[in-house]
Amino acid sequence: MNTKIAIIGGGPAGLAAAVSAYDAGVKDLLILERDDKLGGILNQCIHNGFGLHTFKEELTGPEYAERFIEKVRERGIESLLKTIVVDISKETDGLVVTAMSAEKGMFEIHAQSVILAMGCRERPRGALNTPGYRPAGIYSAGTAQRYVNIEGKMPGKEVVILGSGDIGLIMARRMTLEGAHVKAVAELMPYSGGLKRNIVQCLDDFGIPLKLSTTVTDIKGKDRVESVTLSKVDAKNQPIPGTEEEIPCDTLLLSCGLLPENELSGMLGVELSPVTGGATVDESLETSVPGVFACGNVLHVHDLVDYVSGEASEAGKHAAEYVLKSTPGTSETPIRLETGNGVRYTVPSFVRPSRLEQLLTVRFRVGNVYKNPEICVYLGDKCLQRRKKQICAPGEMEQVIIKKTDIETMAPGETIRIAIETE
Amino acid sequence: METKNLTCIGCPMGCALTVTYEPGNRDSVKVTGNTCKKGELYAIDEVTNPTRIVTGTIRVSNRKNLVASVKTASVIPKSKIFDVAHELMNISVEAPAKIGDVVVKDICGTGSDLVITRNVE
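Protein chains in written order, with this note's numbering: chain A, 1 to 423; chain B, 1001 to 1121.
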């Protein structure tokens, strides 16, 4: 089959990208989704708090998804469900997506442009080096969330959670409301990566202790988890002997970070950032492979779905421009964005000024908690902006906005640098 | 006078708030530890009238291995969270159901309706 733009993934990023590409003039689009419905992870995020920025009201995940699914439906945008993409490769005049489904078997889709919107995956137990046997009762927090919120099954009754990311916090409350006893949430770092609101409303409301600088050092039980041992860690995250606390439980949930799902991008030869695990992109969210765009959690992990939708709309619009060839080709050397003190990464990684409209939005994350910092933007050696903040934390994505007119004053070879400065 | 320690949820600062108040008297509330107005307003609400939206799932009587997601259509008193959570275990809905369908009016006397949040086919 043929399409103008193939969108890999029908979650919040894929849906928003499809709507915006359509509105930008490309009507021949195809969304490929491996689940049996559109909406992605939002379908299992039944708590509220989504959409405050986009719709000015607090929605649950499925309600937020439905707003975008409705937009896709209104436009008659085609989607293939229960279809998994196994390969994307270049061909002479475009891209070829190889997909599989029970209905169609294996088939190829020829597209002029591809939008990567595959989202992210949870860091699995195997990547955590936790000791002990491999008994039943250990789940990633998102797996438990699917069991409870979609299938109506409880993974266990006496629960310990490792990792205080938002999914872990949300599941602490969820399991409690379903009658489980959540005994503790352990966090390796000296601070939680979750939103304050979730710490208060998911843990404090129910008297669930949050143990910082703490990790799991043993898991007992052969057929089923019987207990989990927690230990304090030192400044180098090494367990401190003598601080062990054994907690009887039947379930351990892991909420230890999210990783962009980029196997397909890697096979296609898209350049990936070692920091985010996502593609390195330019101002148009185009990857190192021409015509291939990336957005949402496959590009970098977001805290708020509203930002995913916003970013994906940009990607969709730029993919449409690529297909319609409404942006002229350019041979200009892109300007690199550099990470200064405290900044882990930026999206985009480089910018071609001629492709910019009026403003460049740069999203980034800091590597530590900073109190009273200034977010500084340097063009070459010149400090362009200095913005005081009360706090910057790794769990909260930050952004700066730079005017095109300022970027145009830069000398060849200069770079844009974002840095955190404290007194 | 009573004293409560709270964490402000207004922003990532998470100011540690100390609140002293006479129960039932909104004007008596004194807040310290906040660095902005948001913290004060949050603390006053939390000690005089704390509220939450409750979300959860209910069974779908004519489907296996599938539950419907629901929420209270408006905030309810924090003290009623468990009443609602327990009530959800006794409720079911028949498919199909769609977002916004009212499953229970005025659930647990909270004045808030229980509504469907995910389409069930």
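Don't be surprised by glycine CBs; every beta carbon is placed ideally from N, CA and C.
Computed from a predicted model, the values in this text were never measured in an experiment.
Tell me the rounded alpha-carbon separation between residue i and residue j.
i: A/Val-233; j: A/Ile-247; result: 17 Å
i: A/Arg-90; j: A/Val-275; result: According to the sequence as given, residue 90 of chain A is Lys; it is not Arg. Near 26 Å, if we compare the C-alpha coordinates of A/Val-275 and A/Lys-90.
i: B/Tyr-1021; j: B/Thr-1072; result: 29 Å
i: A/Ala-279; j: A/Ala-17; result: 17 Å
i: A/Lys-389; j: A/Ile-375; result: 7 Å
i: A/Leu-59; j: A/Phe-68; result: 13 Å
i: A/Ala-393; j: A/Pro-260; result: 20 Å
i: A/Gly-25; j: B/Asn-1062; result: 43 Å
i: A/Gly-14; j: A/Ser-313; result: 9 Å
i: A/Phe-50; j: A/Gly-242; result: 43 Å
i: A/Leu-30; j: B/Pro-1050; result: 46 Å
i: A/Asn-2; j: A/Val-289; result: 20 Å
i: B/Ser-1074; j: A/Leu-203; result: 22 Å
i: A/Glu-103; j: A/Gly-9; result: 18 Å
i: A/Ser-284; j: A/Thr-409; result: 20 Å
i: A/Leu-80; j: A/Met-118; result: 14 Å
i: A/Leu-32; j: A/Ser-101; result: 10 Å
i: B/Met-1001; j: B/Cys-1008; result: 21 Å
i: A/Glu-226; j: A/Phe-364; result: 41 Å
i: A/Leu-169; j: A/Gly-316; result: 32 Å
i: A/Met-106; j: B/Arg-1059; result: 37 Å
i: A/Thr-215; j: A/Gly-165; result: 14 Å
i: B/Val-1120; j: A/Ala-65; result: 14 Å
i: B/Val-1067; j: B/Ser-1092; result: 9 Å
i: A/Glu-178; j: A/Gly-193; result: 25 Å
i: B/Tyr-1042; j: B/Gly-1010; result: 8 Å
i: A/Ile-418; j: A/Ala-411; result: 17 Å
i: B/Glu-1040; j: B/Lys-1004; result: 13 Å
i: B/Leu-1114; j: A/Glu-244; result: 44 Å
Determine the DSSP secondary structure at residue i, reduced to helix, strand or coil.
i: A/Tyr-191; result: coil
i: A/Cys-202; result: helix
i: A/Glu-103; result: coil
i: A/Phe-50; result: strand
i: B/Ser-1092; result: strand
i: A/Gln-44; result: helix
i: B/Ile-1044; result: helix
i: A/Arg-73; result: helix
i: B/Asp-1083; result: helix
i: A/Pro-209; result: coil
i: B/Ile-1053; result: coil
i: A/Ser-79; result: strand
i: A/Val-159; result: strand
i: A/Ala-186; result: strand
i: A/Leu-30; result: strand
i: A/Val-19; result: helix
i: A/Glu-63; result: helix
i: A/Arg-197; result: helix
i: A/Ile-167; result: helix
i: B/Ala-1068; result: strand
i: B/Gly-1033; result: coil
i: A/Gly-296; result: helix
i: A/Ser-89; result: strand
i: B/Lys-1038; result: helix
i: A/Leu-38; result: coil
i: B/Ile-1058; result: strand
Can you tell me whether residue i is buried or exposed, with buried defined as 16 or more other CB within 10 angstroms of its CB?
i: A/Ile-240; result: exposed
i: A/Gln-145; result: buried
i: B/Ser-1112; result: buried
i: A/Arg-386; result: exposed
i: A/Ala-6; result: buried
i: B/Val-1102; result: exposed
i: A/Leu-359; result: exposed
i: B/Arg-1026; result: exposed
i: A/Ile-401; result: exposed
i: B/Asn-1065; result: exposed
**Message:** Measuring CB atoms only, is the stretch 1074-1089 of chain B touching the stretch 1103-1115 of chain B, in the sense that at least three cross pairs come out at less than 8 Å?
**Reply:** Yes, since at least three Cβ pairs between the stretch 1074-1089 of chain B and the stretch 1103-1115 of chain B fall closer than 8 Å, the two stretches touch.
**Request:** Entirely within the stretch 303-355 of chain A and at least 3 residues each: give me those beta strand (DSSP E) ranges in chain order.
**Result:** 335-339 and 343-347, all fully within the stretch 303-355 of chain A.
**Prompt:** Can you list, in chain order, the stretches of the alpha helix (DSSP H) that have 4 or more residues and sit fully within the stretch 212-293 of chain A?
**Reply:** For the stretch 212-293 of chain A, whole alpha helix (DSSP H) runs of length 4 or above, ordered along the chain, are 263-268.
**Message:** Restricting to runs no shorter than 4 residues, where is the alpha helix (DSSP H) found entirely within the stretch 111-155 of chain A?
**Reply:** Qualifying alpha helix (DSSP H) stretches, in chain order: 141-146.
**Request:** Give a yes or no on contact between the stretch 121-138 of chain A and the stretch 34-47 of chain A, applying the rule of three or more CB pairs nearer than 8 Å.
**Result:** Touching, no.
**Ordered list of alpha helix (DSSP H) runs contained in the stretch 356-415 of chain A, each at least 4 residues** = Listed in chain order, the complete alpha helix (DSSP H) runs (minimum 4 residues) inside the stretch 356-415 of chain A are 404-407.
**Message:** Is it the case that the stretch 138-156 of chain A contacts the stretch 185-203 of chain A, given that we only count it when at least three CB pairs across the two stretches are under 8 Å?
**Reply:** A contact is defined here as three or more CB-CB pairs under 8 Å, and the stretch 185-203 of chain A fails this definition with respect to the stretch 138-156 of chain A.
**Segment contact flag, the stretch 213-227 of chain A with the stretch 128-136 of chain A, C-beta cutoff 8 Å, min 3 pairs** = Contact between the stretch 213-227 of chain A and the stretch 128-136 of chain A is present, because at least three Cβ pairs lie under 8 Å.
**Prompt:** So does the stretch 265-275 of chain A actually touch the stretch 290-299 of chain A, counting three or more Cβ pairs closer than 8 Å?
**Reply:** Below 8 Å, enough C-beta pairs join the stretch 265-275 of chain A and the stretch 290-299 of chain A to call them touching: three or more.
**Request:** Flag this pair as touching only if the stretch 159-179 of chain A and the stretch 1018-1038 of chain B have three or more C-beta atom pairs under 8 Å; answer yes or no.
**Result:** The count of Cβ pairs closer than 8 Å, one atom from the stretch 159-179 of chain A and one from the stretch 1018-1038 of chain B, stays below three, leaving the stretches out of contact.
**Asked** Would you call the stretch 332-343 of chain A and the stretch 302-316 of chain A in contact, with 3 or more CB pairs under 8 Å?
**Response** Under the Cβ criterion (8 Å, minimum of three pairs), the stretch 332-343 of chain A does not count as touching the stretch 302-316 of chain A.
**Request:** Taking a Cβ distance cut-off of 7 Å, strictly less, list which residues of the stretch 174-198 of chain A are near chain D, in chain order.
**Result:** Absence of chain D from the displayed structure is noted, the protein chains being A and B.
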